[in-house]
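Numbering (UniProt numbering), first residue to last: 1 to 1133.
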């Protein structure tokens, strides 16, 4: 019985020296049993390393194990163990049950029992107690020492209650994984395979109390123990030092082992002290290893290190792209293998997906050293969403989460049809799902309803087993229902098919993951039945139990190949021999990792317990000291080069700071500065087809990248088979974005007919962007209909309500001048409610928010009726037509509906006033009319004027004005003192907006008393009786010219439309520093891909004009057209 220590810092190749020594001894004594004990996550890598070093490439009498595996070896020898190992999932279930039974006995945690996350905290606390071999009597004694009535004393009391209940529940049936080594320590003296064996122990930084007790038994039984520890031999290994010092953790381990050796009277062989550099040519890395995190004076490195680099990238994704490019370049240029590289970070989740996507796209094999969490698997998401359908009573979101999970037996095309139908009709709830779907939708015919109801029945049939979960029951009842559901959808067979599919694709990591899922889920359900079978729980509680279980189950994945890059974290990952290490995410909050918060016992309370007989896991402060050791280990691992990267912004564009770790590096290497790498260096671009493709695409977008090298690469791609087609496709996508080929006359007729019929809005859309018009009017693409009430729907309800109201006034004994307030308000309210019910009775009856909307609409409509009546009563115009339909145009028939037009019928003339109701923020803008972007009001005026002229040829028809009336219920900043002032202010805010004939007589017909504060028209008078500068006025001749211009615009736009022009040339209207584009609220942006940054994509630039400029340009254009004897059809303005 003897002990030997192998001590050496990073760079000494301590592990390799130990393994070679072990191999030599095993070859010299083939009958001797040898064990090499390493941490669990390091076993496979160590086995491969031993095989590589062994001359026979095999290790017949050397067993590479972890402590748990060693325990099972001994248990197999001595007849196994009777108890079932209770893993974390089972622990959580037991704790949940015990908390329910003992919650009335708790003091400190009584209010926390039902809170989210408390079960997990309690489980972690108990695991800590078992791991550090804390007994119930230790808790009791500690409670007395700190004071039973203190908060810490009460916490210890609650923990003891839970601890005792847990131990009692476990009794003779279960044992925790933390207790495994305690049982092993008891059985070690009886083990024949360990007696007189030789044990090598490596890559541990420290041991738990249970492991120390096991080591004590092994020292007494085994022939020899050899233990390797990472300590710099120049750092006085046997002087414990201070807790903040780099090697304190391993020194403390050495101190405890040495003390144990003396106490047991074990022979101590001379230590093997290693101080040999691991590789030549890494002087800078050796220098860094000697001085990193050391608290002693030293002379900094002179010059810029060659084998240590720091790079600043914009985003984490760019860090990944840079690392992948460097790895590919070094593999090609320096004949390295992928296994020579490792990526290490403080937060694997931050880089996992970016690494997976980028490395896959570049064909670089990558192994992510991070166990897959079962809760992230698609099968578990299917179970979660299936239960959600029942819990949320067939809500739209839960139904389609389930149907699109990939496990439903309903086909994808059937799901799409069902999705559109339910989104548009708003059908929700199991009651409605049990009835036939009959609500009208688009052009659904009888056959469509047969198919969609077959789909409905299939969905209900699949989910029927889960209906039993609606009733309050036991965990056992819920589990049986879930098992039946999984069987009904053939869950096991589907998982097997997915696993085989991944294997066929060569994705062996995913294959292994999916091969474990069914067994893992089944095991969790089995634990539910064993531990909680008769426990009364609600469905929500049961779902939380499963969710906690899914989150705790980890799916181990074996690396599918030897030659691959490893991505891992600072604490878990143990690297083998690597030449280059990339430390990603050298940012504050990533490295070092943030101190975890939460836990039943705080760090401060743990410090109080130091003097008590309770040893617990390290505090956050101690973990920070220990993390420095992990950082040191990772940074000193590479044999040739260390590359550190950090991001300057996170994924959302928010600035983030570099890690303080970099300051430590800069102190050692003061001349080192972060570099901003050129991502398009030729040496990086030529490393592979993917990188070359990225570079070519960027050059197509950005002309400044098109240097001689880019042009050479472009020429190569264009000349070689297999790449010229790809290049042609890119060019087609990038440069044909705006230059769309015109449609042929055959296609135009097929899409629109011989003489298309369209609304004025449709023509305005063509003026804004021909391509958006083509997608809308030609291909008839539209956003999916929803049952939600959107702003356009509210506008439609108000418009229809106004139409109903107008008819009601016509049919009554009143007119607009005589109807009383009571009649007006009651009639308008009835019209709004009738319209709302007709528009969507279900939404207004079943949705409280929509009922509130309806009340708002009633209030706005009443205010509108009040205002319109006031405006009519102030003049001599009377409403003559509501919702009047018309059509104009030759090549394209424009159809429209005028909301309202009013007539003044005088002895010598008839005057027409157009009023268009707007529920949005549409403003009257002469510039938009001039460019053809807003044609409605003028077309309405011209159409009604022509109709009135035909009806009354005996009188001239005067165009009095064209207006928008904004339907709203304004809010005043200050309440006036009297009702008259209130009415006056509201009327002023709701005045008509548009263009007024500047004839004073015409103005008087509309407002007999125009004032400085107008309440009807957008005009005001100065003291001398003339119009103010802000008045929106035009002469009769100007109104005629405006009508002629709009007629010309219609012909021009119709000509462009019918010539097949579908170019992507949206307008941008520039008004000083403000810009508005056709793309701002366009529904087709995702289809169009118009991007001003791409060469060839240019807006149709329009400048905003003053009123005087508009009238001058109208005059010039109309005069030119008249002089040319008719309007020119020369395309869009």
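We put the CB at the ideal spot given by N, CA and C, even for glycine. Model, not experiment: these values are computed from the prediction.
Scanning its chain for C-beta atoms nearer than 6 Å, with the 5 sequence neighbours on each side dropped, one finds around residue 91 the residues 123, in chain order. By the criterion of a C-beta distance shorter than 7 Å, residue 49 is surrounded in its chain by 19 and 576, once the five residues flanking it on both sides are discounted. Note that the stretch 997-1009 touches the stretch 873-891; at least 3 beta-carbon pairs, one per stretch, sit closer than 8 Å. Excluding residues up to 5 positions away in sequence, 178 and 208 lie with their Cβ nearer than 6 Å to the Cβ of residue 131 in the same chain.
Excluding the 5 residues flanking it on each side, residue 96 has same chain C-beta neighbours closer than 6 Å at 119, in chain order. By the Cβ criterion, the stretch 318-337 is in contact with the stretch 356-364, since at least three pairs of Cβ atoms, one from each stretch, lie closer than 8 Å. Beta-bridge analysis with DSSP links residue 958 to 911. In this structure, the straight-line span from the alpha carbon of residue 366 to that of residue 420 is close to 40 Å. Here DSSP, grouped into helix, strand and coil, assigns residue 492 to helix. Contact between the stretch 1062-1073 and the stretch 1098-1110 is present: three or more C-beta pairs spanning the two stretches fall below 8 Å. For residue 895, the secondary structure class from DSSP, reduced to helix, strand or coil, is strand. Ranked by Cα distance from residue 70, the options 200, 635 and 913 are led by 200. Note on residue 244: under 16 other CB atoms within 10 angstroms of its CB, so exposed under the neighbour-count rule. In chain order, 772, 773, 776 and 777 place their CB closer than 8 Å to the CB of residue 765, counting only its own chain and leaving out the 5 sequence neighbours on each side. Per DSSP, residue 569 is one residue of the beta strand (DSSP E) stretching across 565-569. Residue 418 is not a Cβ neighbour of residue 677, given a cutoff of 9 Å.
If only complete runs of 3 or more residues are kept, the stretch 1027-1082 shows the beta strand (DSSP E) at 1067-1071 and 1074-1077, in order along the chain. Annotated three-state conformation of residue 344 is strand, per DSSP.
DSSP lists 649 as the bridge partner or partners of residue 655.
A residue is called buried when at least 16 other Cβ atoms come within 10 angstroms of its Cβ; residue 965 meets this threshold and is buried. Separation of residue 340 and residue 353 (C-alpha to C-alpha, rounded to the nearest whole angstrom) is 22 Å. Boundaries of the alpha helix (DSSP H) harbouring residue 159: 151-170, taken from the DSSP string. If one requires a minimum length of 3 residues, the beta strand (DSSP E) runs lying completely within the stretch 235-291 are 272-274, in chain order. Taking residue 174 as reference, the option from 94, 972 and 194 with the minimal CA-CA separation is 94. 9 Å or more divides the Cβ of residue 567 from the Cβ of residue 761.
If only complete runs of 4 or more residues are kept, the stretch 813-883 shows the alpha helix (DSSP H) at 821-846 and 848-873, in order along the chain.
Taking C-beta atoms under 8 Å as the contact rule, residue 379 and residue 495 qualify, at a distance of about 6 Å.
In the DSSP annotation of this structure, residue 631 is not part of any beta strand (DSSP E); the continuous alpha helix (DSSP H) holding it starts and ends at 620-635.
For residue 75 and residue 68, the gap between their C-alpha atoms comes out near 11 Å.
The closest CA to that of residue 232, considering only 286, 180, 187 and 800, is found on 286. The beta-carbon separation of residue 364 and residue 565, rounded to 6 Å, stays under the 8 Å limit for a contact. Here the stretch 1052-1068 lies against the stretch 743-760, with 3 or more beta-carbon pairs under 8 Å apart.
Annotation for residue 550: the continuous alpha helix (DSSP H) segment containing it runs 539-552. Between residue 670 and residue 300 a beta carbon distance of about 5 Å is seen, short of the 8 Å cut, so the two are scored as contacting. Our two residues, residue 466 and residue 82, have alpha carbons roughly 36 Å apart in a direct line. Check the Cα spacing between residue 545 and each of 527, 562 and 555: the tightest is with 527.
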